[in-house]
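Q:
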Amino acid sequence: MITGASAGLGEEFARQLAVRCGTLVLVARRGERLDQLKAELEEHHLGLRVEPVVTDLSTDEGLTVLLRTLKEKGLFPDLLINNAGLGDYGEFATAEWSRIDAMLQVNIRALTKLCHALAPVMKALGGGSILNVSSLGGDIPIPDFAVYAATKAYVSSFSEALRIELREFNVNVTTLCPGPIETEFGSVARRSAGQETGLPARSWFYVEREQAVHGAIQTMLKGGARHYPGTQVACLAAVLGILPLAAIRLIMGFRPRQVKMV
Ligand SMILES: NC(=O)c1ccc[n+]([C@@H]2O[C@H](COP(=O)([O-])OP(=O)(O)OC[C@H]3O[C@@H](n4cnc5c(N)ncnc54)[C@H](OP(=O)(O)O)[C@@H]3O)[C@@H](O)[C@H]2O)c1
Numbered sequence: 001m002i003t004g005a006s007a008g009l010g011e012e013f014a015r016q017l018a019v020r021c022g023t024l025v026l027v028a029r030r031g032e033r034l035d036q037l038k039a040e041l042e043e044h045h046l047g048l049r050v051e052p053v054v055t056d057l058s059t060d061e062g063l064t065v066l067l068r069t070l071k072e073k074g075l076f077p078d079l080l081i082n083n084a085g086l087g088d089y090g091e092f093a094t095a096e097w098s099r100i101d102a103m104l105q106v107n108i109r110a111l112t113k114l115c116h117a118l119a120p121v122m123k124a125l126g127g128g129s130i131l132n133v134s135s136l137g138g139d140i141p142i143p144d145f146a147v148y149a150a151t152k153a154y155v156s157s158f159s160e161a162l163r164i165e166l167r168e169f170n171v172n173v174t175t176l177c178p179g180p181i182e183t184e185f186g187s188v189a190r191r192s193a194g195q196e197t198g199l200p201a202r203s204w205f206y207v208e209r210e211q212a213v214h215g216a217i218q219t220m221l222k223g224g225a226r227h228y229p230g231t232q233v234a235c236l237a238a239v240l241g242i243l244p245l246a247a248i249r250l251i252m253g254f255r256p257r258q259v260k261m262v
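Printed below as a string of structure tokens:
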């Protein structure tokens with residue numbers, strides 16, 4: 001089961017996993033996108049069953065619809081990719097509460113709820129995999145991306161603890177921590193057309209989505225804990241991992257605000 005499969009990394013996960021799966025459950029709000037992907041994947045992968053579930057993961061009702069659909073259709077996923085997520089780029093004090101709330105609900109609450117619902121299923125099946133999509137941003141506090149980075153810090157921390165809890169049940173938990181990737185993420189995170197990119201990153205730092213997803217799947221298949229796609233991102237993560245908080249605080253204090261693409 002892949003959440004956020006109507007675009008970006010989620011859509012790419014579906015494409016790359018289609019050869020390995022008997023059934024794919026694809027979750028997002030834009031049903032027409034999921035239907036198109038279903039048609040494409042079923043045409044190219046004989047015997048593959050694709051079940052789109054159109055639901056809003058930011059609401060209790062949406063989560064209930066998803067879990068009820070799985071039950072009614074007798075679907076017991078042994079692979080959960082918690083990929084759906086969104087950002088909001090700009091000063092915290094001027095953010096719209098609805099956007100902050102949506103980030104908390106989708107990035108944290110839905111991800112946690114789906115792990116809670118499916119971990120027992122995987123334990124009962126004798127094994128499984130959970131791949132939680134976090135971010136390099138989860139490793140550092142980011143001004144202008146404060147809530148987003150904090151939600152991803154939650155995802156990384158939660159996933160590491162869950163990995164230890166579930167390993168004796170043969171359930172592997174992997175965390176994907178990408179740096180910037182060209183998807184719809186930037187336009188969703190942007191608050192206005194005036195914000196040219198909505199993303200605080202330089203072009204040389206970007207990684208192709210195919211590469212990020214391929215690396216994540218390989219790491220998951222090997223039972224790895226974490227994947228940082230791209231050499232530049234992996235190196236930065238390694239440096240951040242050894243820097244004291246005081247140094248990170250200093251560096252982030254000097255970081256230019258609302259960088260535009262070059
Ligand atoms: N792109 C990057 O630079 C980057 C970097 C680090 C981490 N990430 C993480 O990677 C993950 C995927 O992002 P992406 O780059 O692929 O972004 P994207 O292209 O904007 O795709 C986001 C996906 O999440 C779904 N989604 C958002 N809100 C939802 C909701 N309320 N209910 C159900 N589905 C919802 C969207 O589907 P609908 O709109 O159809 O509902 C879409 O399929 C996210 O967790 C993001 O935080 C991205």
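In UniProt numbering, the protein residues as written are 1 to 262.
The beta-carbon is built from N, C-alpha and C at its ideal position, and this holds for glycine as well.
Smallest Cα separation from residue 47: which of 55, 38, 121 and 114?
A: The residue you call residue 47 lines up with position 47 of the sequence shown. Considering only alpha carbons, the answer is 38.
Q: So what's residue 129 in DSSP terms, helix, strand or just coil?
A: Here residue 129 is taken as the residue at index 129 of the sequence shown, counted from 1. The answer is strand: DSSP assigns residue 129 an E or B state.
Q: At 4 residues or longer, what runs of the alpha helix (DSSP H) sit wholly inside the segment 145-185?
A: For the segment 145-185, whole alpha helix (DSSP H) runs of length 4 or above, ordered along the chain, are 146-166.
Q: When the Cβ atoms of the segment 80-89 are set against those of the segment 122-132, are three or more pairs found closer than 8 Å?
A: At 8 Å Cβ cutoff, the stretches touch.
Q: Mapping the DSSP letters down to three states, classify residue 33 as helix, strand or coil.
A: To locate residue 33, count along the sequence shown from 1; it is residue 33. Of the three classes helix, strand and coil, the one that applies to residue 33 here is helix, per DSSP.
Q: Please state whether the Cβ-Cβ distance between residue 160 and residue 174 is less than 8 Å.
A: Your numbering for residue 160 matches position 160 in the sequence shown. Your numbering for residue 174 matches position 174 in the sequence shown. No.
Q: Quick one, which of 145, 254 and 165 has its alpha-carbon nearest residue 116's?
A: Within the sequence shown, numbered from 1, the residue matching residue 116 stands at position 116. Here the closest residue by C-alpha is 165.
Q: Go to residue 291, then tell me how far its beta strand (DSSP E) extends in each direction, as first and last residue.
A: This structure gives no information on residue 291, because the portion of the chain shown stretches from 1 to 262.
Q: Going by beta carbon distance, what residues of the same chain come within less than 6 Å of residue 87, once the five residues before and after it are set aside?
A: The count along the sequence shown starts at 1 and reaches residue 87 at position 87. Excluding residues within five positions, the ones whose Cβ falls inside 6 Å are 148 and 189.
Q: What is the DSSP secondary structure of residue 198, reduced to helix, strand or coil?
A: As a first step, residue 198 is located in the sequence shown; it is residue number 198 there, counting from the start. For residue 198, the pLDDT reaches just 46, beneath the cut-off of 50, and the residue's location in the model is therefore unreliable, leaving the point undetermined.
Q: Would you identify the three-state DSSP class for residue 40, choosing helix, strand or coil?
A: On the sequence shown, residue 40 is found 40 positions in, with the first residue counted as 1. Helix, per DSSP.
Q: What did DSSP end up calling residue 143 once you bin it into helix, strand or coil?
A: Within the sequence shown, the letter at position 143 stands for residue 143. Coil.
Q: Find out if the Cβ-Cβ distance for the pair residue 12, residue 233 is shorter than 8 Å.
A: What you label residue 12 is simply residue 12 of the sequence shown in a count that begins at 1. What you label residue 233 is simply residue 233 of the sequence shown in a count that begins at 1. In this structure, residue 233 does not lie closer than 8 Å to residue 12 by Cβ.
Q: Helix, strand or coil for residue 19 per DSSP?
A: Within the sequence shown, residue 19 is the residue found at index 19, counting from 1. If DSSP states are grouped into helix, strand and coil, residue 19 belongs with coil.
Q: Skipping 5 residues on each side, what residues in its chain have a beta carbon closer than 6 Å to that of residue 7?
A: Position 7 of the sequence shown, counted from the first residue, corresponds to residue 7. Hits under 6 Å: 184.
Q: If contact is defined by three or more beta carbon pairs under 8 Å, each pair taking one atom from either stretch, is the segment 245-254 in contact with the segment 214-233?
A: Short answer: they don't touch.
Q: Relative to the C-alpha of residue 20, which candidate in 92, 229, 187 and 218 has its C-alpha closest?
A: In the sequence shown, the residue the question calls residue 20 occupies position 20. Comparing Cα positions, the closest option is 218.
Q: Which of helix, strand or coil does DSSP assign to residue 227?
A: Indexing the sequence shown from 1 puts residue 227 at position 227. In the structure shown, residue 227 sits in a strand (DSSP, three-state: E or B).
Q: Helix, strand or coil for residue 244? Go by DSSP, reduced to three states.
A: Your numbering for residue 244 matches position 244 in the sequence shown. Reduced to three states, the DSSP call for residue 244 is coil.
Q: What first and last residue would you give for the beta strand (DSSP E) that runs through residue 49?
A: The residue you call residue 49 lines up with position 49 of the sequence shown. Residue 49 -> beta strand (DSSP E) spans 49-54.
Q: Ignore the nearest five residues each way along the sequence and tell me which others in residue 51's own chain have a CB closer than 6 Å to its CB.
A: In the sequence shown, counting from the first residue as 1, residue 51 sits at position 51. Correct list, in chain order: 25.
Q: Can you tell me whether DSSP reads residue 86 as helix, strand or coil?
A: Numbered from its first residue, the sequence shown carries residue 86 at position 86. If DSSP states are grouped into helix, strand and coil, residue 86 belongs with coil.
Q: Do you know how far the Cα of residue 93 is from the Cα of residue 70?
A: Stepping through the sequence shown from its first residue, residue 70 is reached at position 70. Stepping through the sequence shown from its first residue, residue 93 is reached at position 93. Approximately 39 Å between the Cα atoms of the pair.
Q: Could you check if residue 174 belongs to the surroundings of ligand 1, using beta carbon to heavy atom distance under 7 Å?
A: Within the sequence shown, the letter at position 174 stands for residue 174. Residue 174: no, Cβ never under 7 Å from ligand 1.
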